[in-house]
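2 protein chains.
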Amino acid sequence: MTETRLYRGLSADERRRRRDRQLREACLDVVADQGVAAVTVEQVCARAGLTKRYFYESFPDRDALLVAVLEELFRTVNRRIVAALLVAGPTRLDRSRAAVGELTDLLADDRRLARLYVEAAGHGTLRPHRDRTFARYAEFWLTNVLRRDPTDPLARLAARHVIAGTTEVLCAWLGGELELGRRRVIDALAELGARDVPGPLGGAR
Amino acid sequence: MTETRLYRGLSADERRRRRDRQLREACLDVVADQGVAAVTVEQVCARAGLTKRYFYESFPDRDALLVAVLEELFRTVNRRIVAALLVAGPTRLDRSRAAVGELTDLLADDRRLARLYVEAAGHGTLRPHRDRTFARYAEFWLTNVLRRDPTDPLARLAARHVIAGTTEVLCAWLGGELELGRRRVIDALAELGARDVPGPLGGAR
DNA sequence: GTCATCTGATACGTCGCTGTGTCAGATGCC
DNA sequence: GGCATCTGACACAGCGACGTATCAGATGAC
Numbered sequence: 013m014t015e016t017r018l019y020r021g022l023s024a025d026e027r028r029r030r031r032d033r034q035l036r037e038a039c040l041d042v043v044a045d046q047g048v049a050a051v052t053v054e055q056v057c058a059r060a061g062l063t064k065r066y067f068y069e070s071f072p073d074r075d076a077l078l079v080a081v082l083e084e085l086f087r088t089v090n091r092r093i094v095a096a097l098l099v100a101g102p103t104r105l106d107r108s109r110a111a112v113g114e115l116t117d118l119l120a121d122d123r124r125l126a127r128l129y130v131e132a133a134g135h136g137t138l139r140p141h142r143d144r145t146f147a148r149y150a151e152f153w154l155t156n157v158l159r160r161d162p163t164d165p166l167a168r169l170a171a172r173h174v175i176a177g178t179t180e181v182l183c184a185w186l187g188g189e190l191e192l193g194r195r196r197v198i199d200a201l202a203e204l205g206a207r208d209v210p211g212p213l214g215g216a217r
Numbered sequence: 013m014t015e016t017r018l019y020r021g022l023s024a025d026e027r028r029r030r031r032d033r034q035l036r037e038a039c040l041d042v043v044a045d046q047g048v049a050a051v052t053v054e055q056v057c058a059r060a061g062l063t064k065r066y067f068y069e070s071f072p073d074r075d076a077l078l079v080a081v082l083e084e085l086f087r088t089v090n091r092r093i094v095a096a097l098l099v100a101g102p103t104r105l106d107r108s109r110a111a112v113g114e115l116t117d118l119l120a121d122d123r124r125l126a127r128l129y130v131e132a133a134g135h136g137t138l139r140p141h142r143d144r145t146f147a148r149y150a151e152f153w154l155t156n157v158l159r160r161d162p163t164d165p166l167a168r169l170a171a172r173h174v175i176a177g178t179t180e181v182l183c184a185w186l187g188g189e190l191e192l193g194r195r196r197v198i199d200a201l202a203e204l205g206a207r208d209v210p211g212p213l214g215g216a217r
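Those protein sequences? They're chains C and P, same order as listed.
Per our numbering, the first sequence starts with residue 13, numbered consecutively.
Per our numbering, the second sequence starts with residue 13, numbered consecutively.
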């Protein structure tokens with residue numbers, strides 16, 4: 013279409029992507045400092061050191077930015093867990109530990125992500141995304157960690173239970189509410205996540 | 013102090029309490045229809061059929077109303093679970109089922125409560141209350157359902173895991189995301205909640 | 001019936017955020 | 001250097017919500 017005139021050594025497209033990234037980072041900063049509800053176009057732009065003009069260049073509104081950032085987080089979680097499982101041992105406990113460890117590391121290394129991850133539950137626009145993702149995580153867990161039939165409703169229920177429980181515990185831990193080291197937390201979560209699902213075929217009766 | 017002049021057959025205090033209740037109910041209606049974020053003074057007043065004047069008579073601002081309603085919900089949950097446990101059988105599964113069944117009935121019978129219960133996780137002002145309550149639930153669970161030491165950090169972690177998992181599953185079920193009847197859901201949750209906690213003393217290795 | 005009180009409606013100024021528009025100055029291209 | 005483009009700052013009208021204030025009419029006490 014148009015030209016690719018450089019500006020400060022960057023092409024139009026590079027500049028655009030750079031601003032997009034700045035906005036996403038600023039969004040996470042605001043979430044970390046003041047929560048999802050405080051994410052406004054103006055707050056984000058102030059943090060990013062950009063003007064509103066550039067906000068609307070990348071996103072139609074505040075919700076679109078939040079969704080984009082959340083989806084990116086979910087993709088990262090997914091990618092890293094898949095990668096971790098590739099090199100994990102064969103037992104359920106091995107696989108559970110690999111997955112939980114990866115999630116823990118990710119959220120512990122960037123607390124901004126943790127707050128977004130949690131607060132997604134209460135935000136009108138974010139919640140559907142969060143729900144769909146949790147449902148997918150649950151299915152993924154059944155298939156790749158527990159190695160059970162992912163279509164069994166009871167198994168799905170149990171997997172959902174595990175996903176939510178793991179999330180909650182991680183958030184409580186990240187918030188300083190549990191007096192345990194990272195290692196102990198991962199151990200415990202791995203164990204909780206590796207337990208077989210209940211029901212007619214389950215083994216926990 | 014002042015008088016107790018009747019108005020439409022009610023004393024000043026009765027009228028005041030009546031309006032307080034109307035506002036709380038209206039708040040729940042708005043939460044059910046449009047979510048916590050849509051709870052504004054004006055919305056609530058419109059629903060309640062009252063004017064803003066009476067809102068500020070009972071609550072300093074919107075957050076205070078939300079907190080009041082949430083705390084009331086938590087008190088109700090607690091009261092009903094305590095009552096259910098009084099007549100429950102002696103095994104962990106009996107007690108788990110009694111507690112889970114009570115919570116399920118409560119949330120299923122008033123969906124407005126369910127939405128508030130969930131969205132509390134993502135709301136700035138509500139979240140601390142929700143967190144503290146979940147921590148108390150976890151302790152309660154350890155003491156009264158699993159009968160374990162409520163000060164053991166690992167046990168607390170596991171209890172928190174159960175509380176969050178149960179909440180999540182109930183919400184998914186109430187949202188129509190699980191193709192299971194009430195009975196099966198309660199069975200499964202009761203079983204998941206009755207499993208012993210992991211760790212040095214746990215039995216799930 | 002009269003008067004004090006209570007009620008419900010409405011008006012108002014303020015605030016924060018939105019989305020668009022304008023413009024001077026910086027920067028790159030030739 | 002001259003010109004087109006890009007940038008950042010700011011102005012603006014509009015909106016929805018807040019919190020306060022005013023006032024006429026309904027209601028109860030005497």
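Yeah, the Cβ is synthetic: ideal placement off N, Cα and C, and Gly gets one too.
Does chain C have any CB closer than 9 Å to the CB of residue i?
i: V42(P); result: no
i: R172(P); result: yes
i: V89(P); result: no
i: G47(P); result: yes
i: P102(P); result: no
i: F152(P); result: no
i: D32(P); result: no
i: D25(P); result: no
i: V56(P); result: no
If we define contact as Cβ-Cβ less than 9 Å, is residue i a contact residue for chain P?
i: T63(C); result: no
i: A110(C); result: no
i: D117(C); result: no
i: G214(C); result: Any reading at G214(C) needs caution, since the residue's pLDDT is 46, under 50, leaving its predicted position unreliable; the model's value is listed next. It does: the Cβ of G214(C) has a partner Cβ on chain P nearer than 9 Å.
i: G113(C); result: no
i: A147(C); result: yes
i: D106(C); result: no
i: A7(C); result: Residue coverage of chain C in this structure runs from 13 to 217, which leaves residue 7(C) outside it and unanswerable.
i: R217(C); result: Only weak support is given to the placement of R217(C): the predicted model assigns it a pLDDT of 40, under 50, and the question is left unresolved by the model.
Write down the C-beta distance between residue i and residue j rounded to the nearest angstrom, noting that I regard them as a contact closer than 8 Å.
i: A171(C); j: V130(P); result: Not quite, the Cβ-Cβ distance comes to about 19 Å (not below 8 Å), so this is no contact.
i: L40(P); j: R124(P); result: 4 Å
i: L62(P); j: L35(P); result: 7 Å
i: L118(C); j: A202(C); result: With 8 Å as the limit, L118(C) and A202(C) do not qualify as a contact, their Cβ atoms being about 15 Å apart.
i: L158(P); j: D208(P); result: 7 Å
i: L128(P); j: V43(P); result: 5 Å
i: F1(C); j: T145(C); result: Given that chain C is displayed from residue 13 to residue 217, the structure contains no residue 1(C) and the question cannot be resolved.
i: A150(C); j: A176(P); result: That belief does not hold up - the Cβ atoms of A150(C) and A176(P) are roughly 14 Å apart, past 8 Å.
i: E69(C); j: R20(C); result: Not quite, the Cβ-Cβ distance comes to about 17 Å (not below 8 Å), so this is no contact.
i: H173(C); j: L204(P); result: 6 Å
i: C183(P); j: A96(P); result: Contact flag wrong, Cβ pair sits at about 20 Å.
i: L192(P); j: P165(C); result: 5 Å
i: A38(C); j: A60(C); result: 4 Å
Classify residue i: buried if its beta carbon has 16 or more other beta carbons within 10 angstroms, exposed otherwise.
i: R148(C); result: exposed
i: T103(C); result: exposed
i: T163(C); result: exposed
i: E180(C); result: buried
i: D199(P); result: buried
i: L82(P); result: buried
i: L18(C); result: exposed
i: D143(C); result: buried
i: N94(P); result: Position check: residue 94(P) holds Val in this sequence, whereas Asn was assumed. It is exposed - the Cβ of V94(P) has fewer than 16 other Cβ atoms within 10 Å.
i: L98(P); result: exposed
i: R107(P); result: buried
i: G47(C); result: buried
i: T178(C); result: buried
i: R109(P); result: buried
i: R195(C); result: exposed
i: R33(P); result: exposed
Quiz item: Does the segment 46-61 of chain P come close enough to the segment 74-94 of chain P to have 3 or more Cβ pairs within less than 8 Å?
Solution: yes
Self-check item: Under 8 Å (Cβ pairs) to chain C, residues found in the segment 193-206 of chain P
Solution: R196, V197, A200, L201, E203, L204
Quiz item: Do the segment 176-196 of chain P and the segment 136-143 of chain P make contact, defined as three or more Cβ pairs closer than 8 Å?
Solution: no
Exercise. Count the C-beta pairs between the segment 15-34 of chain C and the segment 105-117 of chain C that are closer than 8 Å, then say yes if the count reaches three, no if not.
Key: no
Practice problem: May I ask you to list, following chain order, the residues of the segment 120-141 of chain C that have a beta carbon less than 9 Å from some beta carbon of chain P? | Solution: V130, E131, A132, A133, G134, H135, G136, L138, R139
Exercise. Using a Cβ-Cβ cut-off of less than 9 Å, list which residues of the segment 162-191 of chain C approach chain P; keep chain order.
Key: P165, L166, R168, L169, A170, R172, H173, V174, I175, A176, G177, T178, T179, E180, V181, C183, A184, W185, G187, E189, L190, E191
Exercise. Could you list the residues in the segment 66-88 of chain P with a C-beta less than 9 Å from some C-beta on chain C, going in chain order?
Key: none
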